[in-house]
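Residue numbers (our numbering): 8 to 291. Positions of the beta carbon are idealized from the N, C-alpha and C atoms, including for glycine.
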Amino acid sequence: MIGVDIGGTNLLVGRIDNHTVVERFHENIIEGAKFEDVVEQTCNLIRKVEGSDIEHVGIAVAGGVDCETGIVHRAQNLNWDNVPLGPRISEHLDCNVVIENDVTAAAWGEFCFGAGKDVDSMFAVWIGTGIGGGLILENNIWRGPLGTAGEFGMGISAPEIEASPFRHLETIASRSGMQRVLSMPNLTTEQITAGYQNDETITAAVNDSAQRIGTAIANVVTLLSLDCVVLGGGLTEALGVPYVDAIRNQFLHDVFPDLCKQCELRTTNLGPDAGLLGAAALAQ
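Shown next as structure tokens:
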């Protein structure tokens, strides 16, 4: 099986054997690359996987997707709008292709093979450049009629800011949100990690992020009565235990009290491989 993860700037291809990524290839996506160029780059990288069965390919991609048709309706970081990603890859490689939202694919990977494999219902929250979510209800992915279920980062986190694009959780609590809030457009994950608990300004922004995300998770869990929430993503993994603990503390403070013991807040077991494994599993 082959799993693919297409991000805004990175392309990752992995060969999956026995639920493990045994071989991987990585390339950067050129900024401003056209859709067909990314399709060709993806296919060329897949062809590098030696001895692999290219009958089934699972692709995780950031944005709104139609899993039935293989169309990516919106991928803002790639500037895609209603592009036929699945059909194009299938034409080039003559294989079956399944596409899925990147965090939903990661959620499925964790549910099948990682931190959520012992539960029936879970929510995955991936925090990095943006914030995304993936929802598993009673052993099935829940996408909703428009395929937009799990758009966690688009929830309103600053209702006092009226008629502004900066009211959403993602625009405040993600890495790109911190860049905007702190007026530091070049702030990197490494700089945030170094400044957390050392630099007063960065620490305040990280703590604010944790509080907002913890409250938002509490609202989801209170509504759906889930078994667990799995945290992942580049910023989560870089900031580590103190950040996760801050999110957990806020979650426990805000969630419906009866759910405090039922729903565990966990961290990813699969890390950056979650999307590859989940996408490949969906293509089986």
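N- and C-terminal bounds of the beta strand (DSSP E) containing residue i
i, result
"V28", "27-35"
"C303", "Since the first residue shown for the chain is 8 and the last is 291, residue 303 is missing from the structure and cannot be characterised."
"V110", "Premise fails: V110 lies in the alpha helix (DSSP H), 109-120, not in any beta strand (DSSP E)."
Start-to-end residues for the alpha helix (DSSP H) that takes in residue i
i, result
"G93", "92-100"
"R182", "182-188"
"W133", "Where W133 is concerned, there is no enclosing alpha helix (DSSP H), although the beta strand (DSSP E) it sits in stretches over 129-134."
"R255", "248-261"
"L6", "The first residue shown for the chain is 8 and the last is 291, placing residue 6 beyond what the model contains."
Selected residue, minimal CA-CA separation from residue i, among the options
i, options, result
"T210", "L246, D234, T178", "L246"
"N35", "T49, T200, V90", "T49"
"E75", "E43, D215, F118, G151", "G151"
"E98", "V46, Q83, I134", "V46"
"L153", "I220, G241, G71, G278", "G71"
"F263", "R54, L85, T222", "T222"
"G282", "H63, G116, M129, Q83", "G116"
Burial state of residue i, where buried means 16 or more other Cβ atoms lie within 10 Å
i, result
"I37", "exposed"
"G39", "exposed"
"I148", "buried"
"N108", "buried"
"E158", "buried"
"H190", "As written in the sequence, residue 190 is Ser, which differs from the His given in the question. When all chains shown are included, S190 counts as exposed."
"I134", "buried"
Residue i in three-state terms, based on DSSP
i, result
"C270", "coil"
"I61", "coil"
"A82", "strand"
"A156", "coil"
"N214", "helix"
"E38", "coil"
"A67", "strand"
"D265", "helix"
"L144", "strand"
"L194", "coil"
"R22", "strand"
"G123", "coil"
Query raised in the report: On the three-pair Cβ rule with 8 Å, is the segment 251-265 touching the segment 19-30?
Result: no
Query raised in the report: Does the pairing of the segment 95-103 with the segment 17-24 give three or more beta-carbon distances under 8 Å?
Result: Not touching, per the Cβ criterion.
Query raised in the report: Contact between the segment 105-116 and the segment 59-74: three or more CB pairs below 8 Å?
Result: Under the 8 Å Cβ criterion, the segment 105-116 counts as touching the segment 59-74, having at least three qualifying pairs.
Query - Touching by the beta-carbon criterion (3+ pairs, under 8 Å), the segment 78-98 and the segment 118-127 - result: no
Query raised in the report: Is the segment 170-189 in contact with the segment 226-233, if contact means three or more CB pairs nearer than 8 Å?
Result: no
Query raised in the report: Is there contact here, the segment 233-253 with the segment 261-276, by at least three beta-carbon pairs under 8 Å?
Result: yes
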